[in-house]
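Here is the structure we will look at, set down as structure tokens.
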Amino acid sequence: MPGTEVVREVLDRWQAGIAAHRPDEVAAVFTEDAIFQGLRPYSIGRQGVFDYYESQPVGLTVDYRIDEIREPAEGVVLAYVRADFTRPDGVVVSLNLGVLVTQGDNGWHIAHYQVSPTC
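Have a look at this one:
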């Protein structure tokens, strides 16, 4: 599966979990030992991802656009993404998102996730 399709499949699951306010589904998109850097101190593993998204407001949604893809090794895809999070009050928070997606025994998952403000 080409890199863009891999990342899109993984991020579509992430997006759906956020829209449904299902932090368990969001966390399942990540590896067991994922490095997760949202908008607060980083965490390691699915529990940190779960806690982060559980604390987000019901009604939060995200739209994304894949800007760049690199495949540095077999079973590894690096993506640079623009993510627009819309809060329930309609305020949009636009962020740059870097994800490293890896292939394991149970398919493709996010091993590294880091956001930064847009310029």
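For the sequence shown, numbering that gives the first Met the number 0 begins at 0 and goes up steadily by one.
For every residue, glycine included, the Cβ atom is placed at its ideal position computed from N, Cα and C.
Since the model is a prediction, treat every value here as computed from it, not as a measurement.
Backbone CA spacing between G47 and F35 [nearest angstrom]: Roughly 7 Å between the two C-alpha positions.
Which of helix, strand or coil DSSP assigns to E117: Inspection of the sequence shows that residue 117 is occupied by Thr rather than by Glu. DSSP places T117 in coil when its eight states are reduced to three.
Residue environment, V90, which counts as buried when at least 16 other CB atoms sit within 10 Å: Exposed.
CB-CB length for T30 against A110, believed under 8 Å: 5 Å
Pair within 7 Å by beta-carbon distance, Y41 and P22: In this structure, P22 does not lie closer than 7 Å to Y41 by Cβ.
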